[in-house]
Amino acid sequence: MQLITVHIPEAYLEGLDSLVSERVYPNRSEAIRVAVRDMLKTELTVFLKAANRE
Numbered sequence: 527m528q529l530i531t532v533h534i535p536e537a538y539l540e541g542l543d544s545l546v547s548e549r550v551y552p553n554r555s556e557a558i559r560v561a562v563r564d565m566l567k568t569e570l571t572v573f574l575k576a577a578n579r580e
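Residue 527 is where the sequence shown starts when you use the working numbering, and the numbers rise one by one after that.
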């Protein structure tokens, strides 16, 4: 894995910290990895379907 730096709003961090404190995720990094993975699955599926229609 590669290390990246991102800037996110304080409200997002509060949400991440809530998920971590409730033990939904073990840490912020894992919560962010899951969010990015899920977003990519959704966005790439939509993108590929649109590309196939052209």
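Here a beta-carbon is modelled for each residue, glycine too, at the ideal position from N, C-alpha and C.
Item checked: Alpha-carbon spacing of residue 545 relative to residue 551, whole angstroms -> 6 Å
Notebook entry, point to check: Do you know how far the Cα of residue 569 is from the Cα of residue 535?
Noted result: 22 Å
Margin query: Please tell me whether residue 557 and residue 542 are closer than 8 Å, where the distance is taken between their beta carbons.
Written below: yes
Item checked: Reduced DSSP secondary structure (H/G/I, E/B, other) of residue 571 -> Correct three-state label for residue 571: helix.
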